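Chains as they are written, first to last, in my numbering: chain A, 2 to 258; chain B, 1394 to 1722; chain C, 6 to 281.
C-beta: ideal position from N, C-alpha, C; glycine also.
Keep in mind it's a predicted model, so treat the numbers as computed, not measured.
This report refers to the structure that appears directly beneath it.
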Amino acid sequence: MIVSVQDLTVTYRGSPMPALSGITLDIAEGERLAIIGESGSGKSTFGLALAGLLPANTTMSGTVSRAGDRAPVGGRDIGMVFQDPGTSLNPVLTVGEQVAEVARRHLRLHWRDAYRRAADLLARVRLPDPEKALRAYPHQLSGGQRQRVAIAAAIAANPKLLIADEATSALDVLVQAEIAALLRELVEERGMTLLFITHDIALASTLADRIAVFRHGQLVDIGLAARVLGQPEPYTAELIGSHLDLQTPPLIDRPAA
Amino acid sequence: MQHALVLLRRRLISSIPVLLIVVVGTFFLLEAAPGDAVDAYLAGIGGGDAAMVEQLRQSYGLDQSIWARLWTYLLSLLRLDLGWSVAFDRPILQLIGERLPNTLLLMGSATALSFSLGSLLGILAGARPGSFTDRALSIGSLALYAVPSFWLGLVLSVVFAVQLRWLPTSGIETIASGKAGLDRALDIARHLVLPVGALGFIYLALFIRTMRAGMAEVWRQDFALAARAKGLSRPRIVFRHVARNALLPLVTLLGLQSATMLGGSVVIESIFAIPGFGRLAQEAVAGRDAPLLMGIIVVSALLVIVVNLLVDIAYGLLDPRVGTSEQAA
Amino acid sequence: MSFFARLLHSPEGLVGLLLLLLLAAAALLAPVLFPTDPLSIVAAPLTAPFTNGSVPLGTDRLGRNVLAALVHGARASLLVGLAAAAVAILVGALVGTLAGFSGGFIDEALMRVVDAFQIVPGFLLALAFVSVIGASLPTVVLAIALGAWTGPARLARAEVLSLRERDFVAAARVIGMHPLEIALREVLPNALPPVLALTAVIAAGAVLTESALSFLGLGDPNIVTWGSMIAEGRNVLRTAPFLSLAPGLALVITVLGIYLFAEGLSDALARRRIRQ
């Protein structure tokens, strides 16, 4: 068990309602846990809370305990990939620097070694021409390529836990599948634990071992993916039912012929 | 380098019509004055007979029609001839050439001081928005920004030059001191401390405020959160990620403020009796020397264009996103 | 919370409003409090402040009442600040709107004119203008506006251009809103904060520029201004520094008041928009 959350309640400053109420769940080491829910369900807040990135004036109660005694450090113990790669990369620094700085900071490497490691990582996330990419700026890359860079930076110091907060939501559909596949590969080969936050149930079903369902800041269901989706709680059933695909009947009635 | 050259070419081309408007506009404005330089000269020497007046006018070309004079002026501009100063009895270009370096030294030092100190203090304030340091610097800089620079100059002069006698009250160097090399440089530096302070403090306040605001804005960006998520050291996040981005609007501001600072130098140079370009403007007004004032305005406009060009090139070096659209265009 | 309540809620807005009210009171009540011409000689020259009851802040080199001059000077500063800002915004808005709507060559030509006015340092332009036309309050106002109208012009043009682009404008048009209604209900509330911020900046700059012009002897010679007081006091700077310090402080308080009020105003407007 890598993280144990007990009765976590989070309220942002100035907000009357809590963003999370009484969340209790464990994350097992090496598992792939997906958190699904609609906007405002608190799933992103959960990710930020685990990573210790909530604003300083947020009220938190409950406990988040981790294996090991020292407090977790971003980059070294937890890697985070954000939703919009267009804004989560610093526009004025090279891609290489933004990956290398993580390695330098947590692996205590000199810049040269850090850059070499960055090149390896960029190759691993399958960026074409990694050497050239080191010197490229974010605006010169496509959305999918930027997200690969973000993933490379997140895993650069070999963290145990990788949190992907809507990491595919801002990408084109084909690219989404590629990034999801990349995440699965990386997590497997490095033995990382993956916390995957998404509103896309289909994606969660293909990627996750276990699924947790959030609604209005509360945990509605948690369990093996097959069970949560196959024998769903009423709310989960609603979510599944509202999922649109080619089999869904048309929403707008055709006029009578 | 490529971007700089493209910018240079573009800027030169678009500047010509603007300069033309400046020249023609100023020319007609100064024409509206009752009386001309010859009148002022005559007032100074106590009048003269009609024949002498006519002769003076002819020699300065002031007897021709307005359009003829405008045309002559434009042509002479192309030859880099700014005309003759009646008040100083010297070629205007030469006069400006003598005075401009002093003002450039004054402005350059004031800009360097206010920009570097301003960004550092702004970063200090912006490192933790809402902290005590931030609020203190915010209020302090607002108060400083409200101070008239010429009054500040007087106050500094009273305190440091008159009461404490640490620094000289006027001039740019000790006259006929015979100093040379490093000694002379130090002497000039001593004389410039107060004027640079008076001119620079106001812009210091502006830069602090802009950097503060810029940092607050950048902290709200996703990549600032991502930098924190990576567990980077605090100094690295503050300087390399946040401040590095907040620097960009500050550089733009530099360009915009260059014109204002040139105007500000007029009063500061008058207070501290610095023989500079700004003070020359005041002397031109006092001597009703329209050609000189004209030349000053034209050179000012040119100076602002050059400074803006340099600033834009610097901006292009700092922001890698710039230049890509120009290459595509 | 009503708009005024929000304004008073911010400390900056409150202090700024108080300072400006103080200034306005001084300006309006000047002829009541000090009916005699402030330029007239009333007591012995160079009386120290806080020594003589009839001249609480002392007298200057010629024996004129400093307090009376300070209060009367508020009128010049307030007038110039407001008038210059008004003229600059009016002219700028006109030119900018015209450029934005016309497009093409007229837009280009007008923007070159704006560029021309922007690259000549405002103070030099004001200097030249006042020296040519003559020093009087209206001339000073015009001179300052000459340098300040470019900001409003660019702002107005940008707003007009965005009128064509904005999604919500297109949406409003689709549901049949009249263009004028769109302008008033959709575009104007968004344009208001930058316009107000600009007004404050221009007004504050106008007060400072006027004082600098007066200091150089190029202000209106028939009225008392803080700038001319500072220039006067400069002659006796070593022996009676108070004569230059007091009007300078008055200037600082005035400009500070304008800035604080503007910050409070924009805070109040920003909070309203977030709520909506």
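Taking the alpha-carbon of residue i as reference, which of the options has the nearest alpha-carbon?
i	options	result
A114(C)	A104(C), P246(C), F55(C)	A104(C)
R136(A)	E167(A), A101(A), A168(A)	A101(A)
S1626(B)	R106(A), L49(A), Y236(A)	R106(A)
G1533(B)	V257(C), R162(C), A31(C)	V257(C)
G1671(B)	V165(C), G238(C), A133(C), L67(C)	A133(C)
R14(A)	E32(A), M61(A), I28(A), A120(A)	M61(A)
A73(C)	D272(C), T259(C), L274(C), P252(C)	P252(C)
T25(A)	F197(A), G218(A), P17(A)	G218(A)
F1481(B)	G1680(B), R1577(B), I1438(B)	G1680(B)
S1658(B)	L1557(B), T1567(B), F1543(B)	F1543(B)
L221(C)	G262(C), V165(C), A131(C), I180(C)	A131(C)
G76(A)	L55(A), A57(A), R216(A), L108(A)	L108(A)
F291(C)	S59(C), A49(C), F247(C)	What is shown of chain C runs 6 to 281, which leaves residue 291(C) out entirely.
I212(A)	V11(A), A29(A), S89(A), D85(A)	A29(A)
I193(A)	D201(A), H200(A), T199(A), L184(A)	In the sequence under discussion, the amino acid at residue 193(A) is Met, which differs from the Ile named in the question. Of D201(A), H200(A), T199(A), L184(A), the residue nearest in Cα terms is L184(A).
Q1614(B)	F83(A), F197(A), A157(A), S170(A)	F83(A)
L1535(B)	I1595(B), E1676(B), Y1708(B), V1715(B)	I1595(B)
T59(A)	A35(A), L240(A), D27(A), L21(A)	L21(A)
What number of angstroms, rounded off, separates the C-alpha of residue i from the C-alpha of residue j?
i	j	result
I164(A)	L187(A)	13 Å
L172(A)	L1646(B)	36 Å
L147(C)	V96(C)	11 Å
H140(A)	E268(C)	35 Å
V137(C)	V1678(B)	9 Å
V76(C)	A30(C)	9 Å
S1469(B)	Q1457(B)	16 Å
E1719(B)	A158(C)	Unreliable positioning characterises E1719(B) in this predicted model, as indicated by a pLDDT of 41, which lies under 50. The coordinate reading is nonetheless provided below. Roughly 26 Å between the two C-alpha positions.
I1667(B)	G210(C)	24 Å
A98(C)	L1655(B)	27 Å
A155(A)	G80(A)	4 Å
A115(A)	A89(C)	59 Å
T64(C)	T41(C)	14 Å
L1695(B)	A1622(B)	48 Å
M18(A)	L51(A)	20 Å
G43(A)	R71(A)	27 Å
D1682(B)	D112(C)	35 Å
Q7(A)	G21(C)	50 Å
V1635(B)	L1641(B)	11 Å
A134(A)	G97(A)	7 Å
P235(A)	D166(A)	25 Å
T102(C)	I94(C)	11 Å
R1402(B)	H1396(B)	10 Å
P43(C)	S1563(B)	32 Å
V1417(B)	G156(C)	22 Å
A1721(B)	R127(A)	Bear in mind that a pLDDT of 39 at A1721(B), under 50, signals an unreliable position, so the number given afterwards is only what the model happens to contain. Whole-angstrom Cα-Cα distance: 28 Å.
A81(C)	T56(C)	28 Å
E32(A)	E39(A)	23 Å
Q281(C)	A273(C)	Residue placement at Q281(C) cannot be trusted, given a pLDDT of 44 that sits under 50; what the coordinates show is reported in the next sentence. Using only the alpha carbons, I get a separation of about 13 Å.
Would you kindly report the start and end of the unbroken beta strand (DSSP E) that includes residue i?
i	result
G1656(B)	Run containing G1656(B): none in the beta strand (DSSP E); it sits in the alpha helix (DSSP H), 1637-1664.
T244(C)	Counting along the chain, T244(C) falls outside any beta strand (DSSP E), and DSSP gives it neither H nor E.
L225(A)	219-225
T10(A)	4-12
L1673(B)	Counting along the chain, L1673(B) falls outside any beta strand (DSSP E), though it belongs to the alpha helix (DSSP H) covering 1670-1679.
T230(C)	No beta strand (DSSP E) contains T230(C), which DSSP labels as neither H nor E.
L240(A)	Per DSSP, L240(A) belongs to no beta strand (DSSP E); it is in the alpha helix (DSSP H), 235-242.
If you follow the alpha helix (DSSP H) that residue i is part of, which residue opens it and which one closes it?
i	result
I1414(B)	1395-1424
S1512(B)	1485-1520
R117(A)	112-125
S82(C)	71-107
R211(A)	Note, R211(A): premise wrong, no alpha helix (DSSP H); beta strand (DSSP E) at 211-216.
D166(A)	It is not in any alpha helix (DSSP H) - D166(A) instead sits in the beta strand (DSSP E) that spans 162-166.
Assuming the contact rule is C-beta atoms closer than 8 Å, residue i and residue j should be a hit. Round their C-beta distance to whole Å, please.
i	j	result
A1639(B)	G1519(B)	7 Å
P1684(B)	S1507(B)	Not quite, the Cβ-Cβ distance comes to about 34 Å (not below 8 Å), so this is no contact.
P1561(B)	I1661(B)	In fact, because the Cβ distance is near 15 Å, the residues do not count as touching under 8 Å.
V165(C)	F106(C)	6 Å
What do you reckon, is the C-beta of residue i under 7 Å from a heavy atom of the ligand SAH?
i	result
L250(C)	As for the ligand SAH, it is missing from this structure, which has no ligand bound.
Unbroken stretches of the beta strand (DSSP E), 3 residues or longer, contained in the region 6-85 of chain A: At a cut-off of 3 residues, the continuous stretches assigned as beta strand (DSSP E) that sit fully inside the region 6-85 of chain A are 21-28, 33-37, 60-67, 79-82.
- prompt: Which ranges does the alpha helix (DSSP H) cover as unbroken runs of at least 4 residues, wholly within the region 1541-1566 of chain B, from first to last along the chain?
  reply: For the region 1541-1566 of chain B, whole alpha helix (DSSP H) runs of length 4 or above, ordered along the chain, are 1542-1549.
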